[in-house]
Amino acid sequence: MSRYRARGAVLPAAKGPVLSRLGKAAASGRTGMLHVPGGAIYLSEGMVAYAESRRTPDLAVRLEKAAAVAHTGTVSLLERRWLAREATVDAATELLAGRPRQARFRACAELDVSVAATMPLAVLISEVSRRHEISRQMSAILTADTVIAQRPRLPGHVVRVSDFQWAIVMLARHPVTPRHLALELGQSVFGTTIESFRMVSMGLLAVPGAPAGPAAMAGAPGQARAAISFIRALGG
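Under this note's numbering, think of the first position of the sequence shown as 2, with each following residue one higher.
See below:
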């Protein structure tokens with residue numbers, strides 16, 4: 002199998018025309034934008050600078066929400082860089098989910114990106130692959146586009162939740178999808194889907210028309226084992 006070398010990292014030849022073109026552009030140290038259906042991936046001298054998708058919150062939305070939560074109106078440079086990285090990985094996870102076949106690379110001398118994620122392509126592909134695998138395991142119960150809703154009756158036992166989880170529960174008073182919640186809250190679609198999955202397993206949320214709580218894991222034996230194993234991994 003052919004391999005590309007990008008900024009010191011050896012990147013196996015990617016599957017599909019889009020990843021193949023992206024790998025070649027990174028290996029040759031190019032700067033520009035790779036247009037794919039629904040968004041784009043930006044490279045700066047072969048490094049991934051940013052990615053955007055119409056189906057995930059962009060960096061501007063995340064910065065606005067983060068500043069509001071901080072009650073200062075500003076976000077530190079370190080947090081801006083972290084948010085840029087998460088926005089990039091979240092968008093790339095969406096853009097590369099279906100192995101798109103159409104792509105067009107437009108080279109440029111300099112990128113107009115306010116905050117660059119700046120990561121090797123090999124690192125991005127590794128993280129995207131990890132998220133795709135986790136999403137595949139969760140899909141036995143829900144996906145980013147599965148409708149969820151707050152249960153009419155919450156569990157009688159004490160359940161500890163984070164501020165983010167509680168915000169999800171409150172917004173899920175009416176049927177909604179994890180993706181809609183992520184766009185509303187300016188959070189990662191992947192992360193919001195995971196938290197929604199956790200709260201379905203805790204009995205705080207339910208998938209309308211499907212069993213709630215632990216009963217939701219009682220599908221096909223293979224699916225149940227994968228879901229239970231995944232919940233333990235998240236909890237650990």
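Glycine residues also receive a C-beta, built at the ideal position from the N, C-alpha and C atoms.
Whole angstroms are fine: how far does the CA of residue j sit from the CA of residue i?
{"i": "L64", "j": "R81", "result": "7 Å"}
{"i": "A118", "j": "E53", "result": "12 Å"}
{"i": "H72", "j": "K66", "result": "10 Å"}
{"i": "D146", "j": "P179", "result": "6 Å"}
{"i": "R55", "j": "H175", "result": "24 Å"}
{"i": "S197", "j": "I42", "result": "27 Å"}
{"i": "V37", "j": "R107", "result": "11 Å"}
{"i": "V159", "j": "Q103", "result": "50 Å"}
{"i": "R137", "j": "L35", "result": "26 Å"}
{"i": "R22", "j": "I126", "result": "13 Å"}
{"i": "V129", "j": "L182", "result": "21 Å"}
{"i": "G17", "j": "R100", "result": "6 Å"}
{"i": "P153", "j": "V49", "result": "45 Å"}
{"i": "P121", "j": "G210", "result": "43 Å"}
{"i": "M203", "j": "H133", "result": "23 Å"}
Per DSSP, what kind of secondary structure is residue i in: helix, strand or coil?
{"i": "I149", "result": "strand"}
{"i": "L60", "result": "helix"}
{"i": "A118", "result": "coil"}
{"i": "L20", "result": "helix"}
{"i": "H175", "result": "coil"}
{"i": "L84", "result": "helix"}
{"i": "A168", "result": "helix"}
{"i": "H72", "result": "coil"}
{"i": "R137", "result": "helix"}
{"i": "R131", "result": "helix"}
If you measure between the beta carbons of residue i and residue j, is that distance less than 8 Å?
{"i": "E95", "j": "V190", "result": "yes"}
{"i": "L84", "j": "L60", "result": "yes"}
{"i": "Q151", "j": "A168", "result": "no"}
{"i": "V208", "j": "I149", "result": "yes"}
{"i": "A98", "j": "G40", "result": "no"}
{"i": "L112", "j": "S29", "result": "no"}
{"i": "L143", "j": "V170", "result": "no"}
{"i": "G187", "j": "P58", "result": "yes"}
{"i": "A69", "j": "T75", "result": "no"}
Compare the C-beta of residue i against all C-beta atoms of chain C and say whether one is closer than 8 Å.
{"i": "Y51", "result": "The structure shown contains no chain C, having only a single protein chain."}
(Q) To test your reading of the DSSP string, which unbroken beta strand (DSSP E) runs of 3 or more residues are found completely within the stretch 27-54? (A) 33-37, 40-45 and 48-54
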